[in-house]
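As structure tokens, the structure follows; a few thoughts come after it.
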Amino acid sequence: MKSIVFFLALLLASTFIYSQDLSRKITILAEHMPLEQLIGEIEEKGDVNFSYSPQSFPSDLSFSINAEDKSIKYILKKVFRKNGIKYDIVENHIVLRSSGESDPEGGEADPYSGQHYTISGYLKEKASGEVLIGAHVYDKESYTGTTTNAYGFYSLTLPGGAHQIVFSFIGYQPVEMSILLNKDMKIHQEMKETLLTMKEVEIVGRTENPFYLNDQISEFRFSSKTLSKLPGITGDKDIIKSLQVIPGIESFGDGSSLFFVRGGSSDQNLILVDEVPLYNASHLFGFLSVISPDAISDMEVFKGDFPVKYGNRLSSVVDIKTKDGNKKRFGFGGNLGPYTSTLYIEGPLVKDKSSFYLGGRYSTLQWLSNLYYKNQNVKVGFFDLNAKLNFKLNDRNRLFGTFYIGNDQLERKTYSAITTYGISWNNVLGTLRWNHVFNKKLFSNTTFYVTRYQYL
255 MKSIVFFLAL LLASTFIYSQ DLSRKITILA EHMPLEQLIG EIEEKGDVNF SYSPQSFPSD
315 LSFSINAEDK SIKYILKKVF RKNGIKYDIV ENHIVLRSSG ESDPEGGEAD PYSGQHYTIS
375 GYLKEKASGE VLIGAHVYDK ESYTGTTTNA YGFYSLTLPG GAHQIVFSFI GYQPVEMSIL
435 LNKDMKIHQE MKETLLTMKE VEIVGRTENP FYLNDQISEF RFSSKTLSKL PGITGDKDII
495 KSLQVIPGIE SFGDGSSLFF VRGGSSDQNL ILVDEVPLYN ASHLFGFLSV ISPDAISDME
555 VFKGDFPVKY GNRLSSVVDI KTKDGNKKRF GFGGNLGPYT STLYIEGPLV KDKSSFYLGG
615 RYSTLQWLSN LYYKNQNVKV GFFDLNAKLN FKLNDRNRLF GTFYIGNDQL ERKTYSAITT
675 YGISWNNVLG TLRWNHVFNK KLFSNTTFYV TRYQYL
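Each residue of the sequence shown is one higher than the one before, starting from 255 at the first, in the numbering used here.
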């Protein structure tokens, strides 16, 4: 007979101890109900968790009980202890064991020996519900771990038994969780931002890299928090110019947002917005980039050794993920500057189920052209619009819709000849993405997109 006592001892030694609410009243009506079915019904109605080894109990074991509006503690005593089944409250689980189970010092086998189970789920920001990309999930004892993908999903397979799972991400408070892994589990974790209090400022000869650097030395990642702290021209932050802080990426030296990587030309760089190619990434001949920093959730930069999914670009890949929108509450923000003005609004369509983000940016450069080109009818300006919808259909399926349009125009009227001449260009892109979790280890993303660039 297999034993679970050894794992109980391990769990009791943990520093993270919780108690189940056994005073909650529920109704259980059962007539010769199998153990597994009875446990499932108690878990569902009482919001509690059970841990047990099925091999410790007869396969034909069944129970009968008529309990209306009774506490969980009453039901446990009535059903289990009456039938010779012991239970203990360990961590956040009700652990069942048969009365005949002996201490593991007697030499009985580990009930989880050779068995592996998988934990999977999504990591999100607690305040907004935005998924966290590139967050770490690992077992504290073995340091076996994984990272969340571009949609915040993770999957980690570990041996059965007691584990201390750690969730961590730069700028957020780490979360530790004790689990008894005796079945595949879904754990969706929300994380809070870290509030740091500075006591002193120390000046050193070397500075640490403020950006996330992957084990792959040619890969860098910028989170939305990092982007928000970057300096900007008169308050206008620029995501493309921020790339120039990375070794090997240089600007053309004219103050524009155009860049080259390790000697390559600007057209050798692939820029993606929610997996859609963006063919012209600049406003006003490179003065500003076309994506507003307010709309960005995450940006990943590859200078070489690109993953196969990006194709065969020669110089670099810039993969931009836009914000899904706050699933918890409505919010808005904006910026009024001498060159651009921005405004955005976000919030839930259905709380914790679906959300939207809508943001726009408009140039305020007309005053500058009027100042420079006095008595000449010169128009210079641009605008861009970002919109995104996010729907959680169920635990296995999610839909994302993204739309972007940007337009630049430079126009001058000459009254002597009564002619108008100028140039303009625009980007339009749209995408529909479907995430589907087939099982604990298989995740798929299907993308349909359209993109267009016009130069007139």
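In this text, a Cβ means the ideal position worked out from N, Cα and C, and glycines have one as well. Owing to the predicted nature of the structure, the values given are computational and were not obtained by experimental measurement.
In this structure, the beta-carbon distance from E600 to K577 falls below 8 Å. For K332, the enclosing alpha helix (DSSP H) covers residues 326-333. For K642, the closest alpha carbon among the candidates S505, F657, L653 is that of F657. The three-state reading of DSSP puts I343 in strand, counting E and B together. Using a Cβ distance threshold of 8 Å, L377 and D393 do not count as a contacting pair. In the structure shown, Q498 adopts helical secondary structure according to DSSP, grouped into three states.
A contact between stretches requires three or more CB pairs, one per stretch, nearer than 8 Å, and the region 552-572 fails this requirement with the region 677-692. Per DSSP, Q443 is one residue of the beta strand (DSSP E) stretching across 443-445. Excluding the 5 residues flanking it on each side, V682 has same chain C-beta neighbours closer than 6 Å at I659, R706, in chain order.
Within the DSSP secondary-structure output, G375 pairs in a beta bridge with Y408.
With 16 or more other Cβ atoms from the protein chains shown falling within 10 Å of its own Cβ, Y611 counts as buried. Rounded to the nearest whole angstrom, the CA to CA distance from V333 to M445 is 38 Å.
Between N640 and A549, the gap from beta carbon to beta carbon is short of 8 Å.
Only buried fits G406, as 16 or more other CB atoms lie within 10 angstroms of its CB.
With a minimum length of 3 residues, the unbroken runs of beta strand (DSSP E) contained wholly in the region 557-635 fall at 570-576, 585-590, 594-604, 608-617. Contact annotation: A284 and I319 have beta-carbon atoms nearer than 8 Å. For K380, there is no enclosing beta strand (DSSP E), as DSSP marks it with neither H nor E. Segment contact: the region 297-307 against the region 418-437, three or more CB-CB distances shorter than 8 Å; contact assigned. In this structure, the CA atom of S382 is about 17 Å from the CA atom of S422.
In the three-state reduction of the DSSP assignment, P547 falls in the helix class, which pools H, G and I. Closest in alpha carbon position to G375, among K299, V530, L410, is L410. For D662, the closest of K633, N403, G502, L653 by C-alpha to C-alpha distance is K633. With fewer than 16 other beta carbons inside 10 angstroms of its own, I677 counts as exposed. Taking a contact as a CB-CB distance under 8 Å, the pair F645 and S698 does not count as one, their CB atoms being some 17 Å apart.
C-alpha of L653 to C-alpha of K695: approximately 20 Å in a straight line.
For I545, the closest C-alpha among the options G300, F636, R650, T701 is that of F636. By the CB criterion at 8 Å, V515 and I525 fall outside the cutoff. Residue nearest to V385 within the set S396, N403, G414 is N403 (criterion: CA-CA distance). DSSP, read as helix, strand or coil, puts F304 in strand. In its chain, beyond the 5 residues on either side, E529, T685, R687 have a beta carbon closer than 7 Å to the beta carbon of T701. Within its own chain, the residues whose Cβ lies closer than 8 Å to the Cβ of I500, once the five positions on either side in sequence are excluded, are F465, F474, V555, K557, listed in chain order.
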